[in-house]
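Numbering (full-length UniProt numbering), first residue to last: 1 to 103.
Shown next as structure tokens:
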């Protein structure tokens with residue numbers, strides 16, 4: 001049974017300098033790397049590199065990619081963190097409800 005990996009993707013590095021700046025240590029699996037770093041195949045081996053994982057912040061709370069986020073108002077529903085932004089479905093509501101924040 002394979003170990004589950006960490007959230008996010010390995011970064012696309014354009015220059016050797018990018019590898020040197022992001023390099024932490026050699027690895028075999030994501031969990032060999034500290035924090036949010038991932039084990040990525042680069043050149044001749046695997047290196048721990050900073051993940052491209054995106055997060056969203058709303059009302060001072062950080063949400064992971066794909067995580068549900070509480071709506072900001074009564075005219076929103078189904079909010080999720082997607083590509084670093086909170087996206088919600090808008091629902092019909094009365095004009096006087098639009099700017100009323102949820103408690």
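Beta carbons: idealized from backbone N, C-alpha and C, even for Gly.
None of these values were measured; they are calculated from a predicted model.
**OP:** Spell out a yes or no on whether the segment 77-84 and the segment 50-67 are touching, meaning 3 or more CB-CB pairs, one atom from each, closer than 8 Å.
**Re:** yes
**OP:** Verify whether the separation of the beta carbon atoms of residue 39 and residue 28 is less than 8 Å.
**Re:** Taking the chain shown and counting its residues from 1, one reaches residue 39 at position 39. Taking the chain shown and counting its residues from 1, one reaches residue 28 at position 28. Yes. Within cutoff.
Original post:
Under the three-state reduction of DSSP, which class applies to residue 58: helix, strand or coil?
Top reply: Here residue 58 is taken as the residue at index 58 of the chain shown, counted from 1. Here residue 58 sits in strand by DSSP.
Subject >> residue 8 to residue 71 span [Cα, whole Å] >> reply: Looking up residue 8 in the chain shown gives position 8. Looking up residue 71 in the chain shown gives position 71. The straight-line gap from Cα to Cα measures roughly 24 Å.
Original post:
Among 44, 13, 51, which has the Cα closest to the Cα of residue 30?
Top reply: Position 30 of the chain shown, counted from the first residue, corresponds to residue 30. Considering only alpha carbons, the answer is 51.
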